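Participant:
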Amino acid sequence: MSRTAVLLTRKTRLLVQGITGHQGTFHTRAMLDYGTKVVAGVRAGKGGTKVEGVSVYDTVREAVATKRANASIVFVPAPFANDAILEAIEGGVGLVVVITERIPFHDALEFVPYARSKGCTIIGPNCPGIISPGQSKAGIMPSHIFSAGDVGVVSRSGTLTYEIVNEMTRAGFGQSTCIGIGGDPIIGTNTVEALALFQKDRATKRIVVVGEIGGTAEEEAAEFIKKHVTKPVVAYVAGRTAPAGKRMGHAGAIIQGTRGTAESKVKAFADAGVPVAEYPRDAAALLGST
Amino acid sequence: MKFLEYKAKGIFARYGIPVPRGVVASRPEEIRDPPLRAMVKAQVLIGGRGKAGGIRPADGIAEIRDVAGRILGMDIHGYTVRTVYVEERLDIEREMYLSFTIDRSARDTLLIASSMGGVEIEAVPHEQLFMEHVPALVGLHPYVLRALTRALGLEGHLAEKVADIARRSYDLYRAEDAELVEINPLVITKDHRVVAGDAKLVVDDNAEYRHLEYAKLDQDRTPLEEEAHAKGITFVQLDGDIGVIANGAGLTMATLDILNLKGGKGGTFLDLGGTDDPDRVAQAFEILIKAKPSVILLNIFGGITKADTVAQGVKRALDGMHATVPVVARIKGVNEDRAREILKGVGMHSADTIEEAAELAVQVRRGGV
Chain A
1 MSRTAVLLTR
11 KTRLLVQGIT
21 GHQGTFHTRA
31 MLDYGTKVVA
41 GVRAGKGGTK
51 VEGVSVYDTV
61 REAVATKRAN
71 ASIVFVPAPF
81 ANDAILEAIE
91 GGVGLVVVIT
101 ERIPFHDALE
111 FVPYARSKGC
121 TIIGPNCPGI
131 ISPGQSKAGI
141 MPSHIFSAGD
151 VGVVSRSGTL
161 TYEIVNEMTR
171 AGFGQSTCIG
181 IGGDPIIGTN
191 TVEALALFQK
201 DRATKRIVVV
211 GEIGGTAEEE
221 AAEFIKKHVT
231 KPVVAYVAGR
241 TAPAGKRMGH
251 AGAIIQGTRG
261 TAESKVKAFA
271 DAGVPVAEYP
281 RDAAALLGST
Chain B
291 MKFLEYKAKG
301 IFARYGIPVP
311 RGVVASRPEE
321 IRDPPLRAMV
331 KAQVLIGGRG
341 KAGGIRPADG
351 IAEIRDVAGR
361 ILGMDIHGYT
371 VRTVYVEERL
381 DIEREMYLSF
391 TIDRSARDTL
401 LIASSMGGVE
411 IEAVPHEQLF
421 MEHVPALVGL
431 HPYVLRALTR
441 ALGLEGHLAE
451 KVADIARRSY
461 DLYRAEDAEL
471 VEINPLVITK
481 DHRVVAGDAK
491 LVVDDNAEYR
501 HLEYAKLDQD
511 RTPLEEEAHA
521 KGITFVQLDG
531 DIGVIANGAG
541 LTMATLDILN
551 LKGGKGGTFL
561 DLGGTDDPDR
571 VAQAFEILIK
581 AKPSVILLNI
591 FGGITKADTV
601 AQGVKRALDG
611 MHATVPVVAR
621 IKGVNEDRAR
631 EILKGVGMHS
641 ADTIEEAAEL
651 AVQVRRGGV
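Chains as they are written, first to last, in the numbering used here: chain A, 1 to 290; chain B, 291 to 659.
1. Can you give me the C-alpha to C-alpha distance between A/T177 and A/V6, rounded to a whole angstrom?
2. Give me the DSSP bridge partner(s) of A/I89.
3. If the cut is a Cβ gap below 7 Å, which residues of chain A does B/E645 touch?
4. Going by DSSP in three states, A/A270 sits in which element: helix, strand or coil?
5. Are A/T100 and A/A65 close, meaning C-beta to C-beta below 9 Å?
6. Can you pull the chain B residues whose beta carbon is under 9 Å from the beta carbon of A/S157, in chain order?
7. Please name the residue in B/L588, B/Y369, B/K331 whose C-alpha comes closest to that of B/I644.
8. Is A/I85 near A/A138, with beta carbons less than 9 Å apart?
9. Going straight from the alpha carbon of A/A285 to that of A/V153, what length do you get?
10. Does the beta-carbon of B/G356 have 16 or more other beta-carbons within 10 angstroms, so that it is buried, or is it exposed?
11. Inspect the beta-carbon positions of B/Y403 and B/L380 and report whether they are closer than 9 Å.
12. Scan the segment 91-116 of chain A for residues whose Cβ lies nearer than 7 Å to a Cβ of chain B and list them as they occur along the chain.
13. Under 9 Å between C-beta atoms, does B/K622 make it to chain A?
14. Please list, in chain order, all residues of the same chain as B/V309 whose beta carbon is under 6 Å from its beta carbon, the five residues on each side excluded.
15. Let me confirm a value: B/P432 is counted as buried when at least 16 other C-beta atoms fall within 10 Å, else exposed. Which label applies?
16. Residues in the segment 592-611 of chain B with C-beta within 9 Å of chain A's C-beta atoms, listed in sequence order?
17. Which residue's Cα is closest to the Cα of B/R436: B/A426, B/A449, B/L427, B/V424?
18. Among the residues of its own chain, which have a CB less than 6 Å from the CB of B/E378, if the five just before and after it don't count?
19. How would you list, in chain order, the residues of chain B whose beta-carbon sits under 8 Å from the beta-carbon of A/E223?
20. Determine the chain A residues that contact B/E422 at a beta-carbon separation under 8 Å, and present them in chain order.
21. Residues of the segment 185-197 of chain A in Cβ contact with chain B at a cutoff of 7 Å, in chain order, please.
22. Could you tell me which whole beta strand (DSSP E) segments of length 3 or greater appear in the segment 415-450 of chain B?
23. Helix, strand or coil for B/V485, going by three-state DSSP, please let me know.
24. Residues of chain A with CB closer than 9 Å to the CB of B/F559, please, in chain order.
25. Taking the beta carbon of A/M1 as the centre, do at least 16 other beta carbons fall within 10 Å, making it buried, or is it exposed?
26. For B/T399, which residues in chain A fall below 7 Å Cβ to Cβ?
27. Near B/R464, which residues of its chain fall below 8 Å by C-beta distance, leaving aside the five closest residues on each side in sequence?
28. Enumerate, from N- to C-terminal direction, the unbroken beta strand (DSSP E) stretches of 3 or more residues contained entirely within the segment 337-369 of chain B.
29. Does the separation of the CB atoms of B/Y387 and B/I473 fall below 9 Å?
30. Cβ of B/R379 less than 9 Å from any chain A Cβ?
31. Between the beta-carbon of A/V42 and the beta-carbon of A/L15, is there less than 9 Å?
32. Taking the alpha-carbon positions, what's the B/G553 to B/S584 distance?
33. Which bits of chain B does A/T216 rub up against, with CB to CB less than 9 Å?
34. Taking only beta-carbon atoms, is B/L650 less than 9 Å away from chain A?
35. Check whether the Cβ atoms of A/T161 and B/G540 sit closer than 9 Å, and answer yes or no.
36. If we cut at 9 Å on Cβ distances, does A/M141 have a partner in chain B?
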């Protein structure tokens with residue numbers, strides 16, 4: 001059976017940048033176990049070796065040429081991540097999932113627009129990745145909490161999403177694709193873009209948006225939903241009790257003056273007719289009433 | 291990373307941006323050889339200093355020291371003034387505004403300028419703002435600078451000077467990994483100099499490894515936050531009394547929100563991140579215990595995180611510090627049953643869901659359990 005999904009399907013041929021590191025190796029195994037086609041690893045100087053049975057190459061170009069990789073996942077540490085991401089874009093892959101956290105945003109100011117100019121989609125940085133349950137996973141999320149279904153999930157956070165998805169799965173709401181877009185101020189795929197993908201995707205019938213304080217992504221999402229999204233959407237917003245001026249872990253999660261508050265986001269969703277869950281687990285219940 | 295005005299001005303000067311002459315002091319008698327027509331300015335990491343009485347004119351060494359003595363020790367919006375900057379008082383002809391900042395929505399850098407300076411930029415009417423995106427891959431080109439100086443109504447030498455300052459500010463913004471470079475006011479003096487009257491600089495925390503010289507800067511942190519930062523632990527002190535620790539920033543925020551809905555108030559935001567290394571967990575817990583919470587609420591949703599090694603770290607910290615603070619734990623993850631056993635062994639309350647855990651924490655705090 002061939003099913004659609006967003007950005008990542010069972011056909012995606014993934015390469016892992018930073019495959020020889022602890023995280024890279026661990027999650028290569030986990031992704032292989034999930035059924036992801038991990039076709040190559042890249043680590044300069046380690047070409048010709050194997051990790052978890054996956055051939056390692058010195059460059060992205062070799063991995064693409066030899067193994068026809070068309071997507072990459074990046075575990076390379078922050079100081080070297082910009083280089084790795086640019087190499088992936090230049091190497092011709094269409095999707096780059098950046099797991100690495102603490103990348104300076106000035107680097108993202110370069111690789112995000114560069115990727116767009118090359119028709120390459122970036123997810124992240126500082127994200128758990130993307131999973132199309134039952135098909136493929138390019139990320140670090142725990143596979144067992146997901147189940148295949150028709151709900152698209154877009155989220156700025158990792159573990160909070162697991163919490164919500166776990167509840168959805170228990171309540172019988174499987175997922176078409178879950179995109180962890182990342183907690184940084186400059187990200188490759190934003191909430192609006194993820195919504196646009198889900199609106200177009202035939203396998204997605206309903207959408208969950210998991211937002212948090214900081215920036216105006218949720219307000220823009222609400223505006224977009226009003227104009228362009230016909231599928232039912234429910235939301236959750238984290239950080240309702242966060243004080244202004246304090247960075248709540250994520251580089252992007254900070255209330256600056258009156259901007260970025262949870263109230264503003266909740267109100268924007270309400271104005272767009274999007275029910276907002278009070279507790280994370282309620283997102284699943286709200287889906288039931290859509 | 292935030293910078294006090296005088297530190298920011300030191301960096302601005304390094305990039306060739308004209309700043310007034312000044313001297314810094316933490317006691318009045320330290321002030322030597324100041325500009326004799328001076329502004330004495332409180333150095334705190336918060337805006338609104340002027341209105342709070344933290345910026346005052348003074349002439350001559352005696353008056354300067356007297357005014358400095360009154361500003362030092364002042365409380366400005368909760369910040370104690372420990373340093374003053376005594377600066378040349380400018381004869382102002384005009385005040386303008388100039389900044390470079392990150393525009394998250396556009397995923398780009400935004401140049402903002404206005405002929406209305408010296409006031410909060412949020413208060414300036416939109417039509418009085420010159421705004422232009424400066425893509426990092428394109429850079430700041432002369433045509434933008436020409437448009438900028440035209441919008442500010444400048445010509446000749448003044449236009450050249452302002453364009454030069456804008457170019458240098460952008461170089462600083464890029465090279466120093468800044469989130470914000472702001473000159474407000476950008477002053478044209480009566481003798482036609484262009485000078486940065488104030489200087490605001492915020493540098494991306496994630497870029498600290500490229501700017502190790504800033505690592506020791508006095509930040510807007512409590513001593514305990516400072517200790518956590520030095521250990522690489524994401525920790526924020528809050529108003530409440532219940533110590534909240536979870537894994538992941540979003541989940542930690544959500545845990546605080548849920549606690550609030552259940553009638554409790556979080557006193558800490560501690561994001562354990564993806565670790566299940568007992569040593570790291572113990573370190574984080576030590577910070578948490580030092581914050582003297584009435585109850586600790588631990589919420590771990592670890593699909594991959596090993597719950598039992600997290601529990602070992604918790605036990606180690608509690609034992610090591612002889613802490614008697616009650617702990618309510620909700621742990622999901624690999625080996626969660628073993629984790630519950632370990633935690634039960636040290637008298638911890640456990641719950642299945644965050645909601646239950648939050649309710650329990652509130653009850654324990656009230657002495658009901």
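By construction, the Cβ of each residue, glycine as well, lies at the ideal position given by its N, Cα and C atoms.
In this text the structure is predicted, and so the values were computed from the model without any measurement.
Facilitator: So, to answer that:
1. Straight-line spacing of the CA atoms in A/T177 and A/V6 works out to 6 Å.
2. Note: A/I89 sits in no beta bridge, so no partner.
3. Y279
4. helix
5. no
6. G538, A539, G540, L541, M543, A544
7. Out of B/L588, B/Y369, B/K331, the CA that lies nearest to the CA of B/I644 is found in B/L588.
8. If you check the CB distance, A/I85 and A/A138 do not come in under 9 Å.
9. 15 Å
10. The sequence shown places Asp at residue 356 of chain B, rather than the Gly named in the question. Its Cβ having fewer than 16 others within 10 Å, B/D356 is exposed.
11. As written in the sequence, residue 403 of chain B is Ala, which differs from the Tyr given in the question. Pairing B/A403 with B/L380 gives a Cβ-Cβ distance that is not under 9 Å.
12. Within the segment 91-116 of chain A, those residues whose Cβ lies closer than 7 Å to any Cβ of chain B are, in chain order, R102, I103, P104, F105, H106, L109, E110, V112, P113, Y114.
13. yes
14. K299, F302, A303, A486
15. exposed
16. G592, G593, I594, T595
17. B/A449
18. P310, R311, P325
19. Here the premise fails: no neighbours, minimum Cβ distance about 11 Å.
20. None at all; the shortest Cβ gap to chain A is about 15 Å.
21. P185, I186
22. 419-423
23. Correct three-state label for B/V485: strand.
24. A242, K246, M248, G249
25. For A/M1, the predicted model reports a pLDDT of 41, less than 50, meaning its position is unreliable; a value from the coordinates is still stated below. By the 10 Å Cβ count, A/M1 comes out exposed.
26. Within chain A, the C-beta atoms nearer than 7 Å to that of B/T399 come from L109, in chain order.
27. A426
28. 345-349
29. Less than 9 Å divides the Cβ of B/Y387 from the Cβ of B/I473.
30. no
31. yes
32. Roughly 14 Å between the two C-alpha positions.
33. R394, S395
34. no
35. yes
36. Yes, contact with chain B.
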